[in-house]
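Taken in order, these protein sequences are the chains called A and B.
Plus 1146 on top of the position in the first sequence (first one is 1) and you've got this note's numbering.
Plus 1146 on top of the position in the second sequence (first one is 1) and you've got this note's numbering.
Let me begin by presenting the structure, written as structure tokens, before commenting on it.
Protein chains: 2
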Amino acid sequence: MTEELPVRGRRTTLADVAARAGVSVPLVSIVMRDAPGASAATRERVRKAAEELGYRPDSRARMLRRSRTRLIGVVFGVQHPFHGDLVSGLYTAADAADYELALSAVTPGRDERRAVASLLQDRCEALILLGPALPTSELADLAARMPVIVVARPVRNRAVDVVRTDDAAGLHLAVDHLVDLGHTRIAHVDGGRAPGAAERRRGYREALDHHGLADQALIVPGGLTEDDGAAAARELIAARPTAVTVFNDRCATGVLDVLRREGVAVPGDMSVVGFDDSSLARLSHVALTTVAQDAGRITALAVARAVARLDGDAAADEREQVIPPHLVVRSTTAAPRADLAAAPARRVRTSSA
Amino acid sequence: MTEELPVRGRRTTLADVAARAGVSVPLVSIVMRDAPGASAATRERVRKAAEELGYRPDSRARMLRRSRTRLIGVVFGVQHPFHGDLVSGLYTAADAADYELALSAVTPGRDERRAVASLLQDRCEALILLGPALPTSELADLAARMPVIVVARPVRNRAVDVVRTDDAAGLHLAVDHLVDLGHTRIAHVDGGRAPGAAERRRGYREALDHHGLADQALIVPGGLTEDDGAAAARELIAARPTAVTVFNDRCATGVLDVLRREGVAVPGDMSVVGFDDSSLARLSHVALTTVAQDAGRITALAVARAVARLDGDAAADEREQVIPPHLVVRSTTAAPRADLAAAPARRVRTSSA
DNA sequence: GCTTCGCGCTATAACGTTCTAGAACGATGG
DNA sequence: CCATCGTTCTAGAACGTTATAGCGCGAAGC
């Protein structure tokens, strides 16, 4: 209750607590860890002493002594909003599994190699990489050292675990939805070389094909950002499809903004579908119809896989876990206007597969 | 060059390197730290052995042994885009000062108290808190234990260092700019209880006062998010000021979106100024005139202050460092239309100071 | 030739924790 | 009364690193 004035100088250690409680150091350790081997009365006394001295265990020393550190390293991009959702999920999943997280950010001035290097020094037992841009060969080298789980990007290598959204299926959902509404001229704004972009492009093509609309395919170069979307919108205005699926929500926001500013009503003149269900899409004045990635499930599986590898249950199922997304229908999609439904989409530019 | 197959089992330690190089363990330590006390020939030999074994120093053990950990804890919000910029800056500043950073995120499921607690266990020497919501009393308790630097929020307590943008001055810049353009009916969309909101509100009032426009003050309740901005926009449409300063860029984006959708031209019918110069504002299709916070300078000062405290130069200047912002003029501000410049703004709602 | 250096290196002890043995003790069982 | 056991505790070592002290040796100074 009456916590001692925390001295600015030396940190209070197990030895301090032991001295005050009149017991040995290991016994204090036993009490602090809730390990068996101490009487109820002693526990009480030790806990009181610890409380009074404001004792905090030193995780460095603890991990040094233990064979296991129970520490999972996470590399994330500090700019990418969706990584925020993933980090949140990872914290709760790790918490439940009784693991700790060590965060290492990728910034404009700090590349993935540095981020990983610092985690290696911290003695993490496993690595979770969010949408890494590292070449597969380096990922494989890492995976030879320790369990590596890559999130949100496919990796063709036996040693690397992958948890990702079924990007192709996401575009099937989007296209199916638009076809159900009556659209036939459906364009796609591409993500270029971004993680997942190739899969989404493939899903778009497959879905059109499945509906017998393969010859209507129109792929406009885009990217990850609002600016990329704005640029793509100008091409869309020229080509005038009745609907468009966009690589992600940020890009879709750029598309929306330019379309509306240029007098193209959404969803009246053109329907728009995003990808991610980021907080952007949920904004009431945007109300973007979008493909939602299940961040909670993805992160839970990523942590579960790391834990399984570490606990030796390496016989676990599949190396690559592909999570189905789901469609969130909001206000940017509707049936095409009758007068637009007929005319064929003009082909502007098609990126090669 | 030919790095040994990294054994999945035990980690390679100084002892392994020492054995291979045929020297003692402390000597390897000396070489790895580039400390004086080893001949050039030995250095070469040891480095080669370390390389071959793929040795990585164990930062836990290192920090345990050293009196200093040279570790600075950072608490940041995983959702807030501006925190991303700040974290980037902190990394480079810490790097230059030869300190390491330990990141601890605040998420919907992990409050600031937990974030701080985990950093304390990691044995950080100082804490940098980005826009914390913790009560001043708790900040003061922390500051009694270790140097605490709060960024982007004023704190009235002797023990806590503060580095923040001069929010009031930022609104002076914004209002001056608008007045220069010829505006007299300038509204402000408020940030409520968000960090910095009170200062910006005050700056807005002072600036209007300074230009003899105090009786034109119009403060519309807002918030931090696009949705808050969208709601505020509806009030603005009713009140019809010719210009508006908005709490931050996200909120301003919401304002812009609704204004344009409702047929209010920006900047034709209404000028809009944001705050933060976030990536949002820089987007070419948004091109928001905004008050820029100097993230690089803020983070450099925050780290410098932490280092000064730790090195004992506590005689350092001011406890609170207030960084002047600057105005970035883009495309959302212009002179008011002649027919609008005359009529007085109607008062909709004024939040109490 | 003896001290006095300085240099390159090693031995030993820490840092704060947890693990492994084992000691002290009363209770139980024959 | 002695052996056995379980409980509660302590002594000592260990994790991987770095700080401190000191050793051996050739060079310089008297």
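Just so you know, even glycine gets a beta-carbon here, dropped at the ideal spot from N, CA and C.
Just so we're clear, the structure is a prediction, and the values are computed from it rather than from any experiment.
Per DSSP, cross-strand counterpart(s) of residue i
| i | result |
| --- | --- |
| F1222/A | A1251/A |
| T1371/A | None, per the DSSP bridge assignment. |
| V1366/A | V1335/A |
| L1276/A | V1297/A |
| T1391/A | H1334/A and V1419/A |
| R1406/B | Per DSSP, none; premise fails for R1406/B. |
| R1256/B | T1253/B |
| E1352/A | None; E1352/A has no bridge partner. |
| E1381/B | Its beta-bridge partners do not exist; DSSP assigns none. |
| E1246/A | L1217/A |
Where residue i falls, given that 16 or more other Cβ within 10 Å makes a residue buried
| i | result |
| --- | --- |
| A1279/B | exposed |
| H1329/A | buried |
| D1485/A | exposed |
| V1301/B | buried |
| E1345/A | buried |
| V1475/A | exposed |
| R1331/B | buried |
| L1232/B | buried |
| D1313/A | buried |
| P1281/A | exposed |
| P1482/A | buried |
| D1307/B | buried |
| A1164/A | buried |
| R1299/A | buried |
| L1151/A | For L1151/A, the predicted model reports a pLDDT of 41, less than 50, meaning its position is unreliable; a value from the coordinates is still stated below. Exposed is the call here. |
| R1259/B | exposed |
| G1342/B | buried |
| R1206/B | buried |
| A1182/B | Reading the sequence as shown, one finds Pro at residue 1182/B and not Ala. Flag for P1182/B reads exposed. |
| S1508/A | Only positions 1147 to 1499 of chain A appear in the structure, and residue 1508/A is not among them; the question remains open. |
| S1170/A | exposed |
| A1398/B | buried |
| T1496/B | At T1496/B, the pLDDT of 45 sits below 50, so the modelled position is not reliable and the matter cannot be decided from this model. |
Expected contact under 8 Å - CB spacing of residue i and residue j to nearest Å
| i | j | result |
| --- | --- | --- |
| H1431/A | D1374/B | The pair is not a contact, with the Cβ atoms about 11 Å apart (cut-off 8 Å). |
| D1395/B | T1435/B | Actually they do not touch by this definition, with Cβ atoms about 10 Å apart. |
| S1417/B | L1327/B | 7 Å |
| V1309/A | A1438/A | Contact flag wrong, Cβ pair sits at about 16 Å. |
| P1172/A | G1316/A | About 55 Å; that fails the 8 Å criterion. |
| I1295/B | A1272/B | 7 Å |
| A1139/B | D1268/B | Nothing can be reported for residue 1139/B, as the shown portion of chain B is limited to 1147 through 1499. |
| I1365/A | R1347/A | 7 Å |
| A1376/A | D1403/A | 7 Å |
| A1195/B | R1166/B | 4 Å |
| H1357/A | V1401/A | The pair is not a contact, with the Cβ atoms about 22 Å apart (cut-off 8 Å). |
| L1405/A | A1379/A | 5 Å |
| A1208/A | R1465/A | Just to set this straight, residue 1208/A is Arg in the shown sequence, not Ala. Not quite, the Cβ-Cβ distance comes to about 33 Å (not below 8 Å), so this is no contact. |
Every unbroken alpha helix (DSSP H) within the region 1287-1345 of chain B, with a cutoff of 4 residues, ordered by chain: 1313-1327
Quick one: which unbroken beta strand (DSSP E) runs of 3-plus residues sit fully inside the region 1161-1238 of chain A? Chain order, please. 1217-1223
Runs of alpha helix (DSSP H) lying entirely within the region 1411-1482 of chain B, each at least 4 residues, in chain order: 1425-1428 and 1441-1456
Counting pairs of Cβ atoms below 8 Å between the region 1222-1237 of chain A and the region 1222-1237 of chain B, do you hit three or more? yes
Pair every Cβ in the region 1409-1416 of chain B with every Cβ in the region 1436-1449 of chain B, then say whether three or more of these pairs are closer than 8 Å. no
Between the region 1254-1265 of chain B and the region 1201-1213 of chain B, do at least 3 Cβ pairs fall closer than 8 Å? no
Three-pair Cβ contact test at 8 Å for the region 1285-1294 of chain B versus the region 1346-1353 of chain B: no
At a cut of 8 Å, does the region 1366-1373 of chain A reach the region 1333-1342 of chain A through at least three beta carbon pairs? yes
Does the pairing of the region 1185-1196 of chain A with the region 1235-1251 of chain A give three or more beta-carbon distances under 8 Å? no
For the region 1448-1458 of chain A against the region 1422-1431 of chain A, are there 3 or more C-beta pairs whose distance is under 8 Å? no
With three or more C-beta pairs closer than 8 Å as the rule, is the region 1312-1329 of chain A touching the region 1383-1393 of chain A? yes
Contact between the region 1205-1215 of chain A and the region 1226-1236 of chain B: three or more CB pairs below 8 Å? no
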